[in-house]
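Asker: The numbering of the sequence shown is our numbering, which starts it at 956 and goes up by one.
Glycine is no exception: its CB is placed at the ideal position from the N, C-alpha and C atoms.
What you are looking at is a predicted structure, and each value in this text was computed from that prediction instead of being measured.
Pasting a structure below so you can have a look.
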Amino acid sequence: MFSAGLAGMSIGPCAAAATFAITGNTWHVATLQHVILVGMVLAVVPVLALLCFDDDLSLGAESDAVRHHSTTADQQAGGTGKATDVQQHASRRTVSEQYIPYLLATSDVLFGLASGMTIKFFPIFFLKQVALPPIGTNFVLAGTPLCVAIMSSLAAPISHLFGRAQTILLFKAIGVNLMGFMGLYPEIWTKLGVIIPVYVVRTAIINSAYPLQKSILMDYVPKESRARWNSLDGVLIFGWSGSALLGGILVDKYGFDVTFCITALMQGIGACFLIPLVFLVPRTEADHRPSASVSTGAVAAAGANTGLAATDVQVLGDGQMSALDELDEEADTVSDLEQPLLINRRKSLPSATLNYPSRGSLDL
956 MFSAGLAGMS
966 IGPCAAAATF
976 AITGNTWHVA
986 TLQHVILVGM
996 VLAVVPVLAL
1006 LCFDDDLSLG
1016 AESDAVRHHS
1026 TTADQQAGGT
1036 GKATDVQQHA
1046 SRRTVSEQYI
1056 PYLLATSDVL
1066 FGLASGMTIK
1076 FFPIFFLKQV
1086 ALPPIGTNFV
1096 LAGTPLCVAI
1106 MSSLAAPISH
1116 LFGRAQTILL
1126 FKAIGVNLMG
1136 FMGLYPEIWT
1146 KLGVIIPVYV
1156 VRTAIINSAY
1166 PLQKSILMDY
1176 VPKESRARWN
1186 SLDGVLIFGW
1196 SGSALLGGIL
1206 VDKYGFDVTF
1216 CITALMQGIG
1226 ACFLIPLVFL
1236 VPRTEADHRP
1246 SASVSTGAVA
1256 AAGANTGLAA
1266 TDVQVLGDGQ
1276 MSALDELDEE
1286 ADTVSDLEQP
1296 LLINRRKSLP
1306 SATLNYPSRG
1316 SLDL
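Okay, structure coming up:
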């Protein structure tokens, strides 16, 4: 979906380039008016598409957060006084993991404010500093989202090797450095073979980590709270408008080089808030299960005392294991006192399965 949206963003500049080719490849008000009218007509299509949305068709509990149901399971198992070391470790990690959405949000706000200072002025930059005609500028703007889509498709396999948080931090760091490079070396602005690739690569690599950020956010935010966290996008749009005013003042008074450097500095500060994620977010998604789930042996022991069946507790994880396999695995680690209980529970649950949510809806 992310790549499809980016592909759609290329249609606008392509339509603008076609309009400029018909009305004239010049930066005149009369020509720009035709481009604006074409854009307004195209904007009606996605607005009408919104009428086809239906909340009744949205996903249910299977789209919930990784650790949301496990908190309930912790409470159910912990009430019996049978909490194991695994449960206590999971509880400690949960306290740390609750800060992950706030770290992501703070980083997004800083990146959004910084980007708003420059993104809206890149067409002017290409006009005055690069001396690029309208059709050439729109071809650059049309090709950039496609490059972001390509890079985002590469980000997923890279994250499987190094981890999602590590990949996000790496991509952001490269993008910030390229922005600083554009500000520190203004002599490259007139070299089309240098400035255009630098701009495209910077924009593509710094935005391609967005699906990974969204997947982490959805992993650690309960479903009932996602609307509030997603509303942050509206705050970022408002921040873009405010920072664009500041960016315009900086460009007019100090030039693009200083504005680029300040943008890179603010984005660098935003990237610093992503550093803790390297230690909080598991390198692989399979590592979610030890910290986000409850020891099945403890759940079974709690069920014997409280009357709860193993199927009353939803244990979240990436593996598609049945209750029988999970109990067999836990039987090797629990105490000798608990093993007979697990064996009895195994016999009483011949067809029980644990409920795992589908992760196919995440942008990975």
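Assign Gly1202 to buried or exposed, taking buried as 16 or more other Cβ atoms, counted over all protein chains shown, within 10 Å of its Cβ.
Answerer: Locating residue 1202 in the sequence shown gives position 247, where the first residue counts as 1. Result: buried.
Asker: When you compare each of Leu1124, Ala1128, Tyr1154 and Leu1205 to Arg1238 by their alpha carbons, which one comes out closest?
Answerer: Position 283 of the sequence shown, counted from the first residue, corresponds to residue 1238. Of the listed residues, the one whose Cα sits closest to Arg1238 is Leu1124.
Asker: Which residue from Ile1204, Ala1182, Gly1138 and Ala1128 puts its Cα closest to that of Ala1164?
Answerer: The residue labelled residue 1164 in the question sits at position 209 within the sequence shown. Nearest C-alpha to Ala1164: Ala1128.
Asker: Just to confirm the assignment, what range does the alpha helix (DSSP H) spanning Leu1125 have?
Answerer: Your numbering for residue 1125 matches position 170 in the sequence shown. Run containing Leu1125: Arg1119 to Leu1139, per the alpha helix (DSSP H) assignment.
Asker: I need the straight-line Cα distance from Val1236 to Ser1180, nearest angstrom please.
Answerer: As a first step, residue 1236 must be located in the sequence shown, where it is residue number 281. As a first step, residue 1180 must be located in the sequence shown, where it is residue number 225. Those two C-alpha atoms are separated by around 20 Å.
Asker: Taking its Cβ as the centre, do 16 or more other Cβ atoms sit within 10 Å of Leu1174, making it buried, or is it exposed?
Answerer: As a working mapping, residue 1174 is identified with position 219 in the sequence shown. A small correction: the amino acid at residue 1174 is Asp; Leu does not occupy that position in the sequence shown. Buried is the call here.
Asker: Following the continuous alpha helix (DSSP H) through Gly967, name the residue where it begins and the one where it ends.
Answerer: Indexing the sequence shown from 1 puts residue 967 at position 12. Here the alpha helix (DSSP H) through Gly967 covers Ile966 to Thr978.
Asker: Near Asn980, what residues of its chain come up, given a Cβ to Cβ distance below 6 Å and the 5 sequence neighbours on each side ignored?
Answerer: Position 25 of the sequence shown, counted from the first residue, corresponds to residue 980. Only Pro1088, Pro1089 and Ile1090 meet the Cβ criterion.
Asker: Please state whether the Cβ-Cβ distance between Val1095 and Phe1081 is less than 8 Å.
Answerer: Mapped onto the sequence shown, residue 1095 falls at position 140. Mapped onto the sequence shown, residue 1081 falls at position 126. Yes.
Asker: When you compare each of Met995, Val1000, Ala971 and Val996 to Thr986 by their alpha carbons, which one comes out closest?
Answerer: In the sequence shown, counting from the first residue as 1, residue 986 sits at position 31. Nearest option by C-alpha distance: Ala971.
Asker: Do you know how far the Cα of Cys1007 is from the Cα of Leu1205?
Answerer: Sequence index remark: in the sequence shown, residue 1205 carries index 250 (1-based). Sequence index remark: in the sequence shown, residue 1007 carries index 52 (1-based). For Leu1205 and Cys1007, the distance between alpha carbons rounds to 43 Å.
Asker: Quick one: give me the first and last residue of the alpha helix (DSSP H) that Trp1184 is part of.
Answerer: Counting from 1 along the sequence shown, the entry for residue 1184 is found at position 229. It spans Arg1181 to Asn1185 - the alpha helix (DSSP H) in which Trp1184 sits, taken as one unbroken run.
Asker: Whose C-alpha, out of Pro1001, Gly1130, Lys1169 and Ala1226, is nearest the C-alpha of Gly963?
Answerer: In the sequence shown, residue 963 corresponds to position 8, counting from 1. Cα-wise, what sits closest to Gly963 is Pro1001.
Asker: Closer than 8 Å is the cut-off here; do at least three beta carbon pairs connect the segment 1131 to 1142 with the segment 1215 to 1232?
Answerer: Judged by Cβ distances under 8 Å, the segment 1131 to 1142 makes contact with the segment 1215 to 1232, as three or more pairs qualify.
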